[in-house]
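Please read the structure below before turning to the comments.
In structure tokens:
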């Protein structure tokens, strides 16, 4: 094969970004922001380390963000700590020159002239090794004796009590956590103590509390942390975070977090409290508790914790809300900032919550509540928008199941998460039931739960049944329709479906929709679409079962019509399932003829529908032929060669029977399926004979001829005839480019330009077929142990992306990343992250594990060995196919080699 010139790196990057619209507009700025946050977080953790050791070192005070990042006041000295983090791993003179100059010209003078006490010392703390030039300067005779450097594995210097710098944030956190274990507060988890102290350091950096910590403050802070956290209900020993685990404090002073019982609101708040920089008071609103009682409880609790004379007798007399105002006034006079977590706030009347908010005008309030009808009224009065916890991720769902001895595969873990709406309590109970009653088979539990044939009631059902009991009949019906739809609908679309069951008044339907929203049963999107909460769907689906057969059929047909023509992944998938359910088999089989059909995350139920059609003697011969053709492709993808042979044999029988519509297309399809069988068996004689016979009956040049030659090349590759396969596939690629009027420069053009050519082409599917040729070239190169396949991978990826063949686009994108990982792992990592987003968007769940295992190895090449092992550990909690397990084992070996090479 002729060597192609290397593609420009920007073309590689631009092609992959075309999948989802690209990276952030200013990637350089994003990198700078990340580096800044890493630097500040490292500095805060180092300050925590100093604070933990300050008393034992005889220190008096730790100052933050004054003349230097940190300052430590000792009896006879004052240490000025400049904390420098460098992603490059090398510290150079220019990084610290300004700090040294300022120290020599200004800080020394302050001490020499008596304005500051003690001998000054500048200590530069860095996660990076000093470069050769800086190291030579430090070792020179004229280097200032009062300027010192600390770096990982470097000499400890005079102040051996200072925390040894770690190479990264994780290392610094581990050291601080280990040091925190020495603090004699056993009820306070070491990492929680570190997080709380780091939050206090960050808060002090804003200028509060004189930006100072006294050595004697630590025991008092620990006592305060213990009191705050003990007020919360006991949390599980193992905390699994919510997706994008948020901080306790939001952008607004009052934060309303809403979710069903079981959403993990209290557990989240208790855990986030460990990172909150403000003192926290927790108050749970008991059932039947009045606003006055809550106000009195809060007043006494705030006074006891934060006022110097906290006895109840010294509180002013009067109505409880006035007492609360008085306590707040005293807090404000002492500039004491606090946060209050009010749990089960929905149990209070709306005007009661407003009274509490008004009584505490500077307090950060976090309201935890279940959805309730007056929620929108409160939001309007307070000028806030309720937030919902996002729930557990698929990884956390898998971890919960693995803890019960039930490893799910990735698609099943995603399925569980969807059924449970991501709510922790529901997922935990699902895992326990799976282990106890379904033989650790998560898919079997999902089947039973969806079909409502499970025997044990779940918390999910019991909680949501109470919500449904409070609904009007119209609201229940709309919930059922939304459950049937499964995808977000516009209000007009929902109204059309409602009309099919007799709900024709738009105003009544709108009121019922608001009723559903007030109970937290729907989600409304920015574009106006509305969707039933995932957790409510299994229960709401039972409402549709009560429809009479005629009404149910009308609703399904209306929904099928509404979704027709939409190509977003969720709507397309639902539409395809409805085609089978409504008997539109012709349309369904027509979809399988599209080049991109097998690229999608198609619903598995379609195979059963096509299998029924393929074996139905009364069905049209042409439909049965195409059904067997589609089924043979699926069987080949799963390496089920016996099934492939059966389908090909059936196609031969049907082809011999004949049909008026049969022609060159059907002959080409049958020949290509035969090629695959002969290629898999390595029967070159039969393969070549079948190819010669098929070409003799195929007009050339034509799309049938091009397709036939490509399928023959693919079969040659399967039969290990790599050189011949490579030569032929490039001949076919040239034929496609001539047919499409494309030059090589067109393939490297920006994504938008190439996409425009594809859309305006008379045969857009041929762009995908051209991509197949380049993709096969990559496979040939790999088998020939040639790593210079990058140009073909780039072209394949771009063509797949513009033609909508997302599965193959992701596969080719992985090829591009595979080339780049050795020369530019950072760029390879960006590409894989983009591919991950595309796979999730297109619902291609079966490719996620492979992408992430490859990403783990690339992560190690960027220097993040710990992150790579973490990712491998997460993947190991899934049930893996043989190929996935072998891939992860291979990537693990590569990570081990990278780690060992870094150590030497």
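Numbering (my numbering), first residue to last: 285 to 1188. All C-beta atoms, glycine included, are put in the ideal place defined by N, C-alpha and C.
{"Item": "Please classify residue 570 as buried or exposed, where buried requires at least 16 other C-beta atoms within 10 Å of its C-beta.", "Value": "exposed"}
{"Item": "Straight-line CA distance for residue 737 to residue 823?", "Value": "12 Å"}
{"Item": "Let me check understanding here. Comparing Cα to Cα, which of 1170, 758 and 967 lies closest to residue 793?", "Value": "758"}
{"Item": "Looking only at its chain, what residues have a beta carbon closer than 7 Å to the beta carbon of residue 783, apart from the 5 residues adjacent to it on each side?", "Value": "none"}
{"Item": "Report the three-state DSSP secondary structure of residue 809 (helix, strand or coil).", "Value": "coil"}
{"Item": "In chain order, which continuous runs of the alpha helix (DSSP H) of length 4 or greater are located wholly inside the region 445 to 506?", "Value": "453 to 464 and 474 to 488"}
{"Item": "Relative to the C-alpha of residue 923, which candidate in 965, 764 and 317 has its C-alpha closest?", "Value": "965"}
{"Item": "Have a look at residue 350 and residue 685 and give me their C-alpha separation to the nearest angstrom.", "Value": "49 Å"}
{"Item": "From this set, 761, 652, 553 and 1124, which residue's C-alpha is nearest residue 826's C-alpha?", "Value": "761"}
{"Item": "Spatial neighbours of residue 422 within its chain, please: CB distance less than 8 Å, with the 5 preceding and 5 following residues excluded, ordered by chain position.", "Value": "414 and 433"}
{"Item": "Could you give the distance in angstroms between the alpha-carbon of residue 972 and the alpha-carbon of residue 1005?", "Value": "12 Å"}
{"Item": "Quick one: give me the first and last residue of the alpha helix (DSSP H) that residue 815 is part of.", "Value": "That residue, residue 815, is in no alpha helix (DSSP H); its beta strand (DSSP E) goes 814 to 816."}
{"Item": "Work out the CA separation of residue 1123 and residue 756 for me, nearest whole Å.", "Value": "40 Å"}
{"Item": "For residue 1134 versus residue 1096, is the C-beta distance shorter than 7 Å?", "Value": "no"}
{"Item": "Identify the residues that DSSP records as bridge partners of residue 357: which are they?", "Value": "345 and 362"}
{"Item": "Consult DSSP for residue 751 and reduce its assignment to one of helix, strand or coil.", "Value": "helix"}
{"Item": "For residue 871 and residue 908, I'd like the C-alpha separation in whole angstroms.", "Value": "13 Å"}
{"Item": "By the three-class DSSP mapping on this structure, what secondary structure does residue 410 have?", "Value": "strand"}
{"Item": "From residue 1015 to residue 978, what distance separates their C-alpha atoms?", "Value": "18 Å"}
{"Item": "What number of angstroms, rounded off, separates the C-alpha of residue 821 from the C-alpha of residue 840?", "Value": "17 Å"}
{"Item": "Among the candidates 959, 904, 753 and 982, whose CA atom is the shortest distance from the CA of residue 945?", "Value": "904"}
{"Item": "Which residues in the same chain have their Cβ closer than 6 Å to the Cβ of residue 1183, if we skip the five residues on either side of it in sequence?", "Value": "1149"}
{"Item": "Unbroken alpha helix (DSSP H) runs of length 4 or more, entirely within the region 708 to 757: which are they?", "Value": "708 to 721, 726 to 735 and 743 to 753"}
{"Item": "Assuming residue 395 and residue 403 are in contact, meaning their beta carbons sit under 8 Å apart, how far apart are those beta carbons, in whole angstroms?", "Value": "7 Å"}
{"Item": "Grouping DSSP H, G and I as helix and E and B as strand, with all else coil, what is residue 566?", "Value": "strand"}
{"Item": "Contact check, residue 770 vs residue 699 under 8 Å by CB: the rounded distance?", "Value": "Not really, about 13 Å apart at Cβ, beyond 8 Å."}
{"Item": "Is the Cβ-Cβ distance between residue 1177 and residue 1140 less than 7 Å?", "Value": "no"}
{"Item": "If you draw a straight line from the C-alpha of residue 788 to the C-alpha of residue 777, how long is it?", "Value": "12 Å"}
{"Item": "Within 6 Å: the Cβ of residue 1024 and any heavy atom of the ligand FMN?", "Value": "Among the ligands in the structure shown, none appear at all, so the ligand FMN cannot be discussed."}
{"Item": "Alpha carbons only, please: which of 435, 460 and 441 is nearest the one belonging to residue 429?", "Value": "441"}
{"Item": "Using 10 angstroms around the beta-carbon of residue 969, count the other beta-carbons present and answer buried if the total reaches 16, otherwise exposed.", "Value": "exposed"}
{"Item": "For residue 874, which option in 645, 914, 889 and 852 has the closest C-alpha, if you only look at C-alpha atoms?", "Value": "914"}
{"Item": "Figure out for me which residue from 926, 630, 876 and 938 has the closest Cα to the Cα of residue 902.", "Value": "938"}
{"Item": "Here's the rule I'm using: 16 or more other beta-carbon atoms within 10 Å means buried, otherwise exposed. How should residue 850 be labelled?", "Value": "exposed"}
{"Item": "For my contact list, residue 1103 and residue 1077 are in at a C-beta cut-off of 8 Å; report their separation, rounded to the angstrom.", "Value": "7 Å"}
{"Item": "Suppose the cutoff is 7 Å on Cβ atoms and the five residues either side in sequence are ignored; what does the same chain contact list for residue 620 look like?", "Value": "590"}
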